[in-house]
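A.B. asks: Residue numbers for the sequence shown follow the numbering used here, beginning at 151 and rising by one. Cβ atoms here follow ideal geometry from the backbone N, Cα and C, with glycine treated the same way. Before I ask anything, let me first share the structure, which is written out below as structure tokens.
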Amino acid sequence: MHLPRTRTGQRRAVQAVMLLCVLALLPSAWLFTVSSDRLRTAEDVPPTEVAVVFGAGLRGDAPSPYLARRLDAAARLYHEGRVEVLLVTGDNSRAEYDEPDTMRAYLTGRGVPDARIVSDYAGFDTWDSCVRAKKIFGVDRAVLISQGFHIRRAVALCEEAGVRSYGVGVADRRDVTWYYGTVREIGAAGKAAVDAVLRPDPRFLGPQEPGVARALADAG
């Protein structure tokens, strides 16, 4: 690669790089703008019927440490009476990999009644989870639970999917995974913007499911 030799060429090259940087950061700026007034803590999130917990990987037959902390936050909100039903959404595209059932087992082990947990087995990414929460499970309003580096994207996409959302970001120590997730969000923000504009159908949509409505009826 040859750098421009003239001052005009060098100036144009710098301007092109700056433009590319601005364009790359626009989706992230959109996420911050959309979610700015929708973030809460576990202490001040308003009572909401449904909480959505996003999958974050497994370690063998157990949740990854990051997913475990999301589930701990969800269990806390349930036990404090801030939410009534937990919708756990994750990947079950392979028989040997089942995020939702692993999440359910973890939550019941922490005192959440099985009848208050609803599983979405086709939450393959954030957009799919948000669209399915609305179209398949009939969720209009929810508390979203994820790590801080992901929660803004989750809120923005669920809002675009028609789910009025509050986001609770789970605190984590800043290890290699945290830094990777934070950097990854720059690229993920671009995909989120594309999803918001094009509004693609989830990888798997399927028929409507009454699980959330039934769990709320039982809770009442």
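How big is the Cα-Cα spacing for leucine 366 and valine 235?
C.D. replies: Distance between leucine 366 and valine 235, taken at the CA atoms: about 7 Å.
A.B. asks: Where DSSP assigns a beta bridge to tyrosine 316, which residues make up the other side?
C.D. replies: Val293
A.B. asks: Check whether the Cβ atoms of leucine 294 and alanine 283 lie closer than 7 Å to each other.
C.D. replies: no
A.B. asks: Quick one: using the 10 Å Cβ neighbour count with 16 as the cut-off for buried, is phenylalanine 182 buried or exposed?
C.D. replies: Answer is exposed; the Cβ neighbour count stays below 16.
A.B. asks: Report the three-state DSSP secondary structure of alanine 212 (helix, strand or coil).
C.D. replies: strand
A.B. asks: Count the other CB atoms, across all protein chains shown, that sit within 10 Å of the CB of serine 186; report buried if there are 16 or more and exposed otherwise.
C.D. replies: exposed
A.B. asks: Under the rule that 16 or more other beta-carbon atoms within 10 Å means buried, what is arginine 364, buried or exposed?
C.D. replies: The residue in question, arginine 364, is exposed, as its Cβ has fewer than 16 Cβ neighbours within 10 Å.
A.B. asks: Could you give the DSSP three-state label for proline 360: helix, strand or coil?
C.D. replies: coil
A.B. asks: Which residue's Cα is closest to the Cα of threonine 252: Leu217, His229 and Thr198?
C.D. replies: Among Leu217, His229 and Thr198, the Cα nearest to that of threonine 252 is on Leu217.
A.B. asks: For tyrosine 256, which residues from the same chain have a beta carbon less than 6 Å from its beta carbon, with the 5 sequence-adjacent residues on both sides left out?
C.D. replies: Pro213 and Leu221
A.B. asks: With DSSP as the reference, identify every bridge partner of tyrosine 228, one or two as the case may be.
C.D. replies: DSSP, once it has assigned bridges, lists no residue as partnering tyrosine 228.
A.B. asks: Under DSSP, the beta strand (DSSP E) around isoleucine 371 begins and ends at which residues?
C.D. replies: Outside the shown range of the chain, which is 151 to 370, sits residue 371, and nothing can be said about it.
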